[in-house]
Amino acid sequence: MPHTSATKRRCDVAKKSDRKKVGEIITKVRELGLSYKDGAKKFGIKPWLLYDYNRKANSDARAAVAAATAEPAEAEAPKETAASPVGLPGAVEELILTYRREHPSHGFKRIQDLLKQKHLVVVTRKQIRRVLKEAGLLGSCDSSFDREATKAKGTRRFEAAYPGEIWQMDVTYVYISRIPVLYLVVIVDDHSRYCVAAELVRDQRAETLIAVLHDAVTEYGAPQKLLTDQGSGFYSWSREQTRFQEYLDDQKIEHVVSEPHSPQTQGKVERLIQTTRDELLSRVKFTGFEDAREQIRSYVRSYNVDRPHQGIGGSRPADRFHGVAGEVDRVEAQLSGREVDPERGYVIYKFQEHRVCVCTRAKGLQVYLDGKLLKEADGDGSQR
Numbered sequence: 014m015p016h017t018s019a020t021k022r023r024c025d026v027a028k029k030s031d032r033k034k035v036g037e038i039i040t041k042v043r044e045l046g047l048s049y050k051d052g053a054k055k056f057g058i059k060p061w062l063l064y065d066y067n068r069k070a071n072s073d074a075r076a077a078v079a080a081a082t083a084e085p086a087e088a089e090a091p092k093e094t095a096a097s098p099v100g101l102p103g104a105v106e107e108l109i110l111t112y113r114r115e116h117p118s119h120g121f122k123r124i125q126d127l128l129k130q131k132h133l134v135v136v137t138r139k140q141i142r143r144v145l146k147e148a149g150l151l152g153s154c155d156s157s158f159d160r161e162a163t164k165a166k167g168t169r170r171f172e173a174a175y176p177g178e179i180w181q182m183d184v185t186y187v188y189i190s191r192i193p194v195l196y197l198v199v200i201v202d203d204h205s206r207y208c209v210a211a212e213l214v215r216d217q218r219a220e221t222l223i224a225v226l227h228d229a230v231t232e233y234g235a236p237q238k239l240l241t242d243q244g245s246g247f248y249s250w251s252r253e254q255t256r257f258q259e260y261l262d263d264q265k266i267e268h269v270v271s272e273p274h275s276p277q278t279q280g281k282v283e284r285l286i287q288t289t290r291d292e293l294l295s296r297v298k299f300t301g302f303e304d305a306r307e308q309i310r311s312y313v314r315s316y317n318v319d320r321p322h323q324g325i326g327g328s329r330p331a332d333r334f335h336g337v338a339g340e341v342d343r344v345e346a347q348l349s350g351r352e353v354d355p356e357r358g359y360v361i362y363k364f365q366e367h368r369v370c371v372c373t374r375a376k377g378l379q380v381y382l383d384g385k386l387l388k389e390a391d392g393d394g395s396q397r
């Protein structure tokens, strides 16, 4: 037919336009801290479109990296493409720019960790800086690649030796338009930075705090110690025990109370509270109490599972909390170098937004989903 080619061109343009719209929706979903399932429901789009877009974007990035790192033919001299003055594939540059636009306050190290862990792309911080400089996106986050972290004089950095040794718990005010003051109760595992609870509540009475803590204990088991400040819901200066302290005694949890005016003692939980304020609470207009509660929960899920944490060497809190951080690091190092050898005992798969890691050892087989142990099989084939 004479108009077949014109019709095909119109279809191609429509597909590109639809793909661009899906990309814009994904950007908004990430800004809101929603899962793809919740984001698809909010914006009236089929979830598989978001997953498919993300899968193709990751695939394009990996293909670009593979092409860039492949050895050139002997007759060809290596050359830098005009489209990339920094020498990085365009797909990788786009990942860097997209992440900075979505998270303008994040530095080069965090972007570097994200590229490595989510996309298996290894890029130096100097390369990231050059990409951002070329695009005019340096902003105030500059020179982080050559600045050593310094501790305040007279302070010591403490970290629990293992998950569940110490939890930190704190409460903060949350203000939402047209709603009376609310409270955000946050509990963080000291060793892994894993957030075991982040619940929006209407008061800070002892009964409410106990309920939040009890839900976390039920799901993850009781910690050996709980660190809090001297808030009235946690602690009493009188000789009478508070209901909160009675609950801790019942659970055989040692209560550690910080000294007045010493915020660094609870630095990990307060850091997460501040990050939540900066990245979610101050940026999103919630429609009501339930909307705020669900978005906070979604944000915390992403914080635990998706994002690398600089305080624990770029690992994800979930990996460290469930004790697989070292194994994940080794697997990702193999993948980034394209030297995967299943006989070494590690195989990792990525499906949509989920990651499955299979570890084989002399004692049997272990399967992890997003860092959490799902199934373990003994050498004789029995499962537990």
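Just so you know, the numbering used here puts 183 at position 170 of the sequence shown, and the rest follows in order with no gaps. Glycine included, each C-beta is placed from N, C-alpha and C at the ideal position.
- DSSP state of L294 mapped onto helix, strand, coil: Here L294 sits in helix by DSSP.
- Query: Leaving out the 5 sequence neighbours to the left and right, which residues in its chain are closer than 8 Å to D31 when beta-carbon positions are compared?
  - Reply: none
- Message: Distance check for Y207 and D73, CA to CA, integer angstroms please.
- Response: 31 Å
- Message: Out of V184, L145, H204, S190, which one is the CA nearest neighbour of F171?
- Response: H204
- Message: Taking the beta strand (DSSP E) that P193 belongs to, which residues open and close that run?
- Response: DSSP places P193 in the uninterrupted beta strand (DSSP E) bounded by 192 to 202.
- Taking C-beta to C-beta, are L293 and Q308 nearer than 8 Å? yes
- Query: Smallest Cα separation from Q287: which of T255, K54, D183, G57?
  - Reply: D183
- Query: What do you get for W61, buried or exposed, if any count of 16 or more other CB atoms within 10 angstroms of its CB means buried?
  - Reply: exposed
- Message: So the candidates are L145, R218, G234, G120; which of them puts its Cα closest to the Cα of P476?
- Response: Limits of the chain in this structure are 14 at one end and 397 at the other, which puts residue 476 out of reach.
- Message: Using DSSP's beta-bridge definition, name the partner residues of K50.
- Response: Paired residues: none, contrary to the question.
- Item | Straight-line Cα distance separating R114 from R138 | Cα to Cα, the separation comes out at about 17 Å.
- Query: Shortest alpha-carbon distance to G57 belongs to which of K34, R256, R306?
  - Reply: Among K34, R256, R306, the Cα nearest to that of G57 belongs to K34.
- Query: What is the residue span of the alpha helix (DSSP H) that Q279 lies within?
  - Reply: It is not in any alpha helix (DSSP H) - Q279 carries neither H nor E in the DSSP assignment.
- Query: With 16 as the cutoff for other CB atoms within 10 Å, does K281 come out buried or exposed?
  - Reply: buried
- Given a cut-off of 8 Å, decide if Q243 and V201 are closer than it, judged by their beta-carbon atoms. no
- Span separating the alpha-carbon of I38 from that of Q237: I38 and Q237: Cα-Cα distance of roughly 43 Å.
- Query: At what residues does the alpha helix (DSSP H) containing H227 begin and finish?
  - Reply: 219 to 233
- Provide the residue span of the alpha helix (DSSP H) that contains K238, from first to last. No alpha helix (DSSP H) contains K238, which is instead part of the beta strand (DSSP E) from 238 to 241.
- Task: Out of A174, T40, Q140, point me to the one whose CA is closest to A70's CA.
- Result: T40
- Item | Any 3 or more C-beta pairs closer than 8 Å across the segment 309 to 320 and the segment 218 to 227 | no
- First through last residue of the alpha helix (DSSP H) which encompasses T319: Checking the displayed sequence, the identity of residue 319 turns out to be Asp instead of Thr. First-last for D319: undefined, no H or E at that position.
- Task: Assign V184 to one of three DSSP states: helix, strand, or coil.
- Result: V184: strand per DSSP, three-state reduction.
- Alpha-carbon to alpha-carbon, Y196 and T185: 6 Å
- Query: Which residues in the same chain have their Cβ closer than 7 Å to the Cβ of T94, if we skip the five residues on either side of it in sequence?
  - Reply: Residue placement at T94 is flagged as unreliable, the pLDDT there being 38, under the threshold of 50; a coordinate-derived value is accordingly withheld.
- Query: Using CA coordinates, which residue listed in V136, R68, L285, I109 is at the minimum distance from L145?
  - Reply: Looking from the CA of L145, the closest CA among V136, R68, L285, I109 belongs to I109.
- Per-residue DSSP class, three states only, for L63: helix
- For S328, which of helix, strand or coil comes out of DSSP? strand
- Closest by C-alpha distance to R306, when choosing among V187, G336, H335, A331: Of the listed residues, the one whose Cα sits closest to R306 is V187.
- Per DSSP, what kind of secondary structure is V136 in: helix, strand or coil? coil
- V313 to L47, Cα distance in whole Å? Cα-Cα distance, rounded: 10 Å.
- Going by DSSP, name the residue or residues bridged to Y141. The sequence as given places Ile at residue 141; Tyr does not occur at that position. Partner(s): none; I141 has no beta bridge.
- CB contact below 8 Å: V136 versus chain C: Chain labels in this structure do not include chain C; a single protein chain is all it has.
- Item | Boundaries of the beta strand (DSSP E) in which L213 is found, first to last residue | 208 to 214
- Whose C-beta lies closer than 7 Å to the C-beta of A229 among residues of the same chain, with five residues either side of it excluded? I200, V209, A210
- Starting from E267, follow the beta strand (DSSP E) in both directions and report where the run begins and ends. 267 to 270
- Message: I'd like to know whether the C-beta atoms of R143 and F121 end up nearer to each other than 8 Å.
- Response: no
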